[in-house]
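K.L.:
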Amino acid sequence: MRSSFGGQALSVRLGLSCMVLAVLAGCSGHRVVRQDPVDVHGSTHAEALPEAKSIQATYRPAAPDAPPNPQVRYHMPPAFSFEDRPLSDNLASAIELADFEAAVIRAGYWSILEGEKDHTVLAVPNGPFEAFKHEVRPDLMRATGHGYLTGFIGQMILVGHWDMPTIRRKAAKRGGSIQVRTLAGPGYDVILKPTAFGNVEVIGKDGTVTLAGDGYPQSNGVLYMVDSILPYQ
């Protein structure tokens, strides 16, 4: 009797333990809900983002009478874009896109990149962005330039999920190019046009840029690098 009762008690304890573990760890077979801004399946796939050339470019050899200035101090380990993370997370982790990130935040679009709706971001690296800010629009990040900044950044955030296969497939069905809405509003749609060289041109209202590479998948869209500033008047 004592052995049978002990076995039943052990079975009860094991059953309760399994129920607790099922709730805490999802051992019941249901998918665990991740603590993400968007509801997506977890993934370990990641791709290296562009290296921080803007930091490496600041290196200068130390003068003979100055303290040592080793070049290794100007090397940054690669940052990665994770496909199960939203645009906001991956953009924030890219040191080479720090200026563009600050502009997106100031323009008021950051909450959109955190959200569930798909968008495609054409991000500008620090080098060309800083050159544009200093040489063309010195007030870009000031209060006096906020109206311009909103439209300037808005035209580089496309509505929808536009990865390379989708662009090429839909462009082929529509005469070689497709028109896509942007957050800059009516009149500032862009044309996505695959070229014979294998890349894609982005034709805006006031000029053209080229997508650099195949882009980075995000949980709520696609992140691209562009080779220069997309002109905006």
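At position 22 of the sequence shown the residue is numbered 187 (our numbering), and the sequence of numbers has no breaks.
The beta carbon of each residue, even a glycine, is placed where N, CA and C say it ideally should be.
1) Taking the straight line between their C-alpha atoms, what separation do you get for valine 355 and leucine 314?
2) Under the three-state reduction of DSSP, which class applies to lysine 298: helix, strand or coil?
3) What span of residues does the alpha helix (DSSP H) with methionine 321 cover, start to end?
4) What residue ranges within the stretch 265 to 290 form continuous beta strand (DSSP E) runs of no fewer than 3 residues, ordered along the chain?
5) Among Arg250, Glu366, Ile368, Asn291, which one has its Cα closest to the Cα of isoleucine 260?
6) Using 10 angstroms around the beta-carbon of histidine 284, count the other beta-carbons present and answer buried if the total reaches 16, otherwise exposed.
7) Could you pull out every residue in the same chain whose Cβ sits closer than 7 Å to the Cβ of serine 246, ignoring the five residues on either side in sequence?
8) Between which two residues does the beta strand (DSSP E) harbouring serine 246 extend?
9) Would a C-beta distance cut-off of 9 Å place valine 144 and methionine 321 closer than the cut-off?
10) Taking Cβ to Cβ, would you say tryptophan 275 is nearer than 9 Å to serine 258?
11) If you follow the beta strand (DSSP E) that lysine 358 is part of, which residue opens it and which one closes it?
12) Is the beta carbon of leucine 348 less than 9 Å from the beta carbon of valine 374?
13) To which residues of the same chain is proline 303 closer than 6 Å at the C-beta, ignoring the five residues directly before and after it?
14) Quick check on tyrosine 313: does DSSP put it in helix, strand or coil?
15) Terminal residues of the continuous beta strand (DSSP E) containing alanine 259?
16) Do you know how far the Cα of isoleucine 277 is from the Cα of phenylalanine 294?
17) Are alanine 244 and glycine 319 touching if we call contact CB-CB under 9 Å?
18) Residues in the same chain with beta-carbon distance under 7 Å from leucine 395, minus the five sequence neighbours each way, listed in chain order, please.
19) Under three-state DSSP, which class holds aspartate 379?
20) Could you tell me the distance, in whole angstroms, from the CA atom of histidine 311 to the CA atom of isoleucine 270?
21) Give a yes or no on whether the C-beta atoms belonging to glutamate 248 and glutamine 383 are separated by under 9 Å.
22) Within a Cβ cutoff of 7 Å, which residues of the same chain sit near methionine 390, ignoring the five residues on either side of it in sequence?
23) With DSSP run on the structure shown, which of helix, strand or coil describes serine 393?
24) Pick out whichever of Leu262, Arg250, Pro233, Pro226 has its Cα sitting closest to the Cα of glycine 386.
P.N.:
According to the structure data:
1) As a working mapping, residue 355 is identified with position 190 in the sequence shown. As a working mapping, residue 314 is identified with position 149 in the sequence shown. Whole-angstrom Cα-Cα distance: 17 Å.
2) Counting from one through the sequence shown, the residue named residue 298 turns up at place 133. Three-state DSSP puts lysine 298 in a helix.
3) In the sequence shown, counting from the first residue as 1, residue 321 sits at position 156. Taken as a continuous stretch (DSSP letters only), methionine 321 belongs to no alpha helix (DSSP H), as it is neither H nor E.
4) 284 to 288
5) One-based indexing of the sequence shown puts residue 260 at position 95. When only C-alpha atoms are compared, the closest one is Asn291.
6) Here residue 284 refers to the residue found at position 119 when the sequence shown is read from its first residue. With 16 or more Cβ atoms within 10 Å of its Cβ, histidine 284 is classed as buried.
7) Locating residue 246 in the sequence shown gives position 81, counting from the first residue. Correct list, in chain order: Ala211, Glu212, Leu214, Asn255, Tyr381, Leu388.
8) Counting from one through the sequence shown, the residue named residue 246 turns up at place 81. 245 to 247 is the extent of the beta strand (DSSP E) around serine 246.
9) Missing from the structure shown is residue 144; the chain here goes from 166 to 398 and no further.
10) Within the sequence shown, residue 275 is the residue found at index 110, counting from 1. Within the sequence shown, residue 258 is the residue found at index 93, counting from 1. Contact flag unset, no.
11) Here residue 358 is taken as the residue at index 193 of the sequence shown, counted from 1. 355 to 359 is the extent of the beta strand (DSSP E) around lysine 358.
12) What you label residue 348 is simply residue 183 of the sequence shown in a count that begins at 1. What you label residue 374 is simply residue 209 of the sequence shown in a count that begins at 1. No, Cβ-Cβ distance for leucine 348 and valine 374 is not below 9 Å.
13) Working through the sequence shown from its first residue, we reach residue 303 at position 138. None.
14) The residue given as residue 313 occupies position 148 in the sequence shown. The answer is helix: DSSP assigns tyrosine 313 an H, G or I state.
15) For the purposes of this step, residue 259 is taken as residue 94 along the sequence shown, with counting starting at 1. That residue, alanine 259, is in no beta strand (DSSP E); it is neither H nor E in DSSP.
16) Here residue 294 refers to the residue found at position 129 of the sequence shown. Here residue 277 refers to the residue found at position 112 of the sequence shown. Each residue's Cα considered, the two are about 21 Å apart.
17) Taking the sequence shown and counting its residues from 1, one reaches residue 244 at position 79. Taking the sequence shown and counting its residues from 1, one reaches residue 319 at position 154. Against a cut-off of 9 Å, the Cβ pair of glycine 319 and alanine 244 comes out as no contact.
18) For the purposes of this step, residue 395 is taken as residue 230 along the sequence shown, with counting starting at 1. Leu287, Gln320, Met321, Val367, Gly369, Gly372, Val374, listed in sequence order.
19) What you label residue 379 is simply residue 214 of the sequence shown in a count that begins at 1. Aspartate 379 falls in the strand class under three-state DSSP.
20) As a working mapping, residue 311 is identified with position 146 in the sequence shown. As a working mapping, residue 270 is identified with position 105 in the sequence shown. Rounded to the nearest angstrom, the two C-alpha atoms are 11 Å apart.
21) On the sequence shown, residue 248 is found 83 positions in, with the first residue counted as 1. On the sequence shown, residue 383 is found 218 positions in, with the first residue counted as 1. Going by C-beta atoms, glutamate 248 is nearer than 9 Å to glutamine 383.
22) Here the question's residue 390 lines up with position 225 in the sequence shown. So the list reads Pro215, Ala288, Pro290, Ala377, Gly378, once near-sequence residues are dropped.
23) Numbered from 1 along the sequence shown, position 228 holds the residue referred to as residue 393. If DSSP states are grouped into helix, strand and coil, serine 393 belongs with coil.
24) On the sequence shown, residue 386 is found 221 positions in, with the first residue counted as 1. Nearest C-alpha to glycine 386: Arg250.
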